[in-house]
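In the working numbering, the protein residues as written are 7 to 276.
Glycine included, each C-beta is placed from N, C-alpha and C at the ideal position.
Notes to accompany the following structure.
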Ligand SMILES: [Zn+2]
């Protein structure tokens, strides 16, 4: 699912997709920045290439969108280029779910807590770490598991419409080890109202992954985790219908299918 290209190209992408952008190195090129919507994100150098990531939100308008690139050279010269992203609409299905009533009709205390946590999460996703902690491909946090193809589903809880599903639900019995999808810094590791026991990892360049409904948390905020390190055990905490791992991903605050992270770094890249 990953996409890379030379310049002046049109990239065919889908709603909810992680997109790799790449620029070939050239003499005296000192930095490169991608401009995507309201966001700017640096490229990082990988040998003879400069790479970064942007996300197409699951509700991005179908049609063409421009992603700008600004290159800065040693003599101060700037060069502006752009990609055209042709965003295809995805027909996300609607799912009806039944959960404990307290997760649908919130008490005033629970509502206040959910609002506070939602602001805390928004401020995490609004933070851009201008370096990449990762250099290898992303992995699925429960290797060999099935399921997880429910990203973007429109959801109705106990008969009431709620936000679309911004992750992938992987089948897992309670107690299954959950692995960090890639190297990064733990930025949240605690119990949340809707998400239950949750771990959020900042991978840098605006890329985040989240692991929700855990039975146990095995990491602490501030800690650097390696790709494949156990961050906790799967469970059924928070708003769930049963045990599973909710694996979520954001890029520059865009909600993307975590499976699309797998292509951000091609296997065997230097
Ligand atoms: Zn989920």
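(message) Measuring straight from C-alpha to C-alpha, what distance separates residue 72 and residue 89?
(response) For residue 72 and residue 89, the gap between their C-alpha atoms comes out near 6 Å.
(request) Classify residue 136 as helix, strand or coil using the three-state DSSP reduction. (result) Looking at residue 136 - three-state DSSP - the assignment turns out to be coil, as it is neither helix nor strand.
(request) Within the same chain, show all residues whose beta-carbon is closer than 7 Å to that of residue 110, passing over the 5 residues directly before and after it, in chain order. (result) If we look at residue 110 and ignore the five residues flanking it on each side, its Cβ neighbours are 163, 164, 166.
(message) Please report the straight-line C-alpha distance between residue 40 and residue 253, rounded to a whole angstrom.
(response) Cα to Cα, residue 40 sits roughly 26 Å from residue 253.
(request) Run through the stretch 96-165 for me and flag every whole alpha helix (DSSP H) of 4 or more residues, listed as ranges in chain order. (result) Listed in chain order, they are 114-131.
(request) Return the chain-ordered list of same chain residues with a C-beta closer than 7 Å to the C-beta of residue 276, the five sequence neighbours on each side being excluded. (result) Confidence is the limiting factor: at residue 276 the pLDDT is only 46, short of 50, which leaves the residue's position unreliable, though a coordinate-based value still follows. When the five nearest sequence neighbours on each side are left out, the beta carbons in the same chain lying within less than 7 Å of the beta carbon of residue 276 are those of 52, 53, in order along the chain.
(request) Measure the beta-carbon distance from residue 105 to residue 245 and round it to whole angstroms, keeping in mind my assumption that it falls under 8 Å. (result) Contact between residue 105 and residue 245 holds: their C-beta atoms lie close to 5 Å from each other, under 8 Å.
(message) Measuring alpha carbon to alpha carbon, tell me which residue in 169, 223, 69, 261 is nearest residue 236.
(response) Selected option, being the one with the closest Cα: 223.
(request) Can you give me the Cβ contacts of residue 210 inside the same chain, cut-off strictly under 6 Å, excluding the 5 residues immediately before and after it? (result) Excluding sequence neighbours, residue 210 sits near 135, 137, 138, 139.
(message) Please state the DSSP three-state secondary structure of residue 221.
(response) Looking at residue 221 - three-state DSSP - the assignment turns out to be coil, as it is neither helix nor strand.
(request) Decide if residue 26 is buried, meaning its Cβ has at least 16 other Cβ atoms within 10 Å, or exposed. (result) Burial call: buried.
(message) Quick check on DSSP: helix, strand or coil for residue 264?
(response) Residue 264 falls in the helix class under three-state DSSP.
(request) Would you please state the rounded distance, in angstroms, between the beta carbons of residue 157 and residue 174? I believe it to be under 8 Å. (result) That pair is a contact at about 5 Å.
(message) Please tell me whether, using a cut-off of 7 Å, the distance from the CB of residue 1 to the nearest non-hydrogen atom of ligand 1 is below it.
(response) Since the displayed the chain opens at 7 and closes at 276, residue 1 lies outside it and no answer follows.
(message) Is it buried or exposed, residue 12, if we count other Cβ atoms within 10 angstroms and call 16 or more buried?
(response) Reliability of the predicted coordinates at residue 12 is poor, the pLDDT of 47 falling under 50, and no value is obtained from them.
(request) With DSSP collapsed to three states, give me the class of residue 238. (result) Strand, per DSSP.
(request) Could you tell me whether any non-hydrogen atom of ligand 1 is closer than 7 Å to the CB of residue 154? (result) No.
(message) Checking 8 Å against the spacing of the C-beta atoms, do residue 261 and residue 172 come in under that value?
(response) Taking the C-beta atoms as reference points, residue 172 is found nearer than 8 Å to residue 261.
(message) Going by C-alpha to C-alpha distance, which of 265, 149, 46, 240 sits closest to residue 133?
(response) Among 265, 149, 46, 240, the Cα nearest to that of residue 133 belongs to 46.
(request) Measure the alpha-carbon distance for residue 205 versus residue 37 and round it to whole angstroms. (result) Residue 205 and residue 37 have their C-alpha atoms some 32 Å from each other.
(request) Using only the heavy atoms of ligand 1, determine whether one of them is closer than 7 Å to the beta carbon of residue 175. (result) Because some heavy atom of ligand 1 lies under 7 Å away, the Cβ of residue 175 counts as near it: yes.
(request) Using only the heavy atoms of ligand 3, determine whether one of them is closer than 7 Å to the beta carbon of residue 252. (result) Ligands displayed in this structure: ligand 1; ligand 3 is not among them.
(request) For residue 243, count neighbouring C-beta atoms within 10 Å of its own C-beta (all shown protein chains included) and say buried if the count is 16 or more, exposed if not. (result) So residue 243 counts as buried.
(request) For residue 101, count neighbouring C-beta atoms within 10 Å of its own C-beta (all shown protein chains included) and say buried if the count is 16 or more, exposed if not. (result) Residue 101 should be labelled exposed.
(request) Look up residue 173 in the DSSP assignment and give the residues it is bridged to. (result) 254.
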